[in-house]
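Just so you know, this note's numbering puts 59 at position 51 of the sequence shown, and the rest follows in order with no gaps.
Using N, Cα and C, we set each Cβ at its ideal position, and we do this for glycine too.
Only a predicted model underlies this, so the values are computations on that prediction, with no experimental measurement involved.
Here the structure is laid out as structure tokens; the discussion comes afterwards.
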Amino acid sequence: MRLIILGAGGYGHVIEDIAIQSEKYEDILFLDDNSQDKCSTFLQYKKEDTEFYPAFGNNAIRMEWLRRLEENQCRIASFVHPAAYVSPKATIGTGCVILPMSVINTNVLIEKGCIINCGAVIDHDC
């Protein structure tokens, strides 16, 4: 499996770290508007074995990229850090990231594009 991370800033490298720890990806690439491989070229990387993640800390930009990826029928990754706890009764939406030491308890719904930051606790029935 290949991962394309849109955005090579600090948050993009956090995503890279979690992706490496997941051992799911054989290849991890960055697209960034400050490099030769611009984010706008993402469709040329679309293949059956490829997932994308828009690693933008700005919520509006991240949500716009999630919309573009969905519109183009790209596979969108979600990540749960191995040091986070997610209840088997919780639901994690598309394009979400659960960072280290976070707790997502029973009957919690995390909707599309959310970032649950380090050490956050979302208790039952939220």
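The C-beta of Glu24 has 16 or more other C-beta atoms within 10 Å across all chains shown, which makes the residue buried. Taking a 10 Å sphere around the C-beta of Val129, we find fewer than 16 other C-beta atoms and assign the residue as exposed. Taken in chain order, no unbroken stretch of alpha helix (DSSP H) lies wholly in the region 87 to 125 with a span of 4 residues or more. The three-state secondary structure of Glu34, taken from DSSP, is coil. Of the candidates Gly121, Ile124, Ile112 and Lys120, the residue whose Cα lies closest to the Cα of Asp131 is Ile112.
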